[in-house]
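*Asks:* In the order they appear, the protein sequences are chains U and G.
Under the working numbering, the first residue of the first sequence carries the number 89, and numbering increases by one thereafter.
Under the working numbering, the first residue of the second sequence carries the number 16, and numbering increases by one thereafter.
Dropping the structure in here first, questions after.
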Amino acid sequence: EPEVTQTPSHQVTQMGQEVILRCVPISNHLYFYWYRQILGQKVEFLVSFYNNEISEKSEIFDDQFSVERPDGSNFTLKIRSTKLEDSAMYFCASSESTSGQYTGELFFGEGSRLTVL
Amino acid sequence: AQRVTQPEKLLSVFKGAPVELKCNYSYSGSPELFWYVQYSRQRLQLLLRHISRESIKGFTADLNKGETSFHLKKPFAQEEDSAMYYCALHLEYGNKLVFGAGTILRVKS
């Protein structure tokens, strides 16, 4: 069964460094997402991506963050100038549209744990 | 503003006991609600959605618009039900899910 895959599973970085988290969504999916979960807190929406552009972003997703779909398979989250509070688990997800209607089911990757020191 | 509330961080029950995980929502649009589950060392996955009105692994959830609730229920808990459960609200605008804080269900033998 196809799955969303994420790399790396864990990344440790120094404050101020740039980080790129990579995701390979399920191949026939149309919508892609990044969510974040700080330890002990809820899963928070960051951004959604459709038709090669951002369709929605949260207040968290400021100029420090960017997303890209550099080729037909990868979907990346770039975090510039990382801060201590960026330490979290970052989840990629994708979903499909059937019959032109959004079904609501998101398929999640296993997450990338980012630790900023 | 849209919000999903799961009041219990942890629910601990004995095997065979009934389970009810509470979820309340706040949304001005037409609500579409889901339960996602995360078993130990596994990814977050869909458990059930209110529009399909199905029972999955013995779990059911009914959308109550009057009480703005979508509680998850199971008559007889099993040890393998132990996991983190998230209630989520789909927002039409932006095609995204808003998650509750999650409830850890622990089923003791």
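C-beta atoms are modelled at their ideal positions from N, C-alpha and C, and glycine is treated no differently.
On a predicted model such as this, the values are computed, not experimentally measured, just so you know.
#1: Less than 8 Å between CB atoms is the rule here; does F153 of chain U satisfy it with respect to chain G?
#2: What residues from chain G crowd round E194 of chain U, counting only those whose CB sits closer than 7 Å?
#3: Identify every residue that forms a DSSP beta bridge with F195 of chain U.
#4: Does the Cβ-Cβ distance between K89 of chain G and S27 of chain G come in under 8 Å?
#5: What span of residues does the beta strand (DSSP E) with E69 of chain G cover, start to end?
#6: Quick one: which chain U residues come within Cβ less than 7 Å of F74 of chain G?
#7: Nearest chain G C-beta to N143 of chain U closer than 8 Å, yes or no?
#8: Just the C-alpha distance for W50 of chain G and V204 of chain U, rounded to the nearest angstrom, thanks.
#9: To which residues of the same chain is R64 of chain G closer than 6 Å at the C-beta, ignoring the five residues directly before and after it?
*Replies:* This is what the structure gives:
#1: no
#2: Strictly speaking, residue 194 of chain U in this sequence is Leu, with Glu absent from that position. Residues of chain G passing the Cβ test: L112.
#3: DSSP lists U:S182 as the bridge partner or partners of F195 of chain U.
#4: If you check the CB distance, K89 of chain G and S27 of chain G do not come in under 8 Å.
#5: Per DSSP, E69 of chain G belongs to no beta strand (DSSP E) and is neither H nor E.
#6: Going along chain U, no residue has its Cβ under 7 Å from F74 of chain G, so there is no contact; the nearest lies around 16 Å.
#7: Note on residue identity: the sequence assigns Ser, not Asn, to residue 143 of chain U. Closer than 8 Å: yes.
#8: Here the C-alpha atom of W50 of chain G lies approximately 31 Å from the C-alpha atom of V204 of chain U.
#9: Answer for R64 of chain G: F49, listed in chain order.
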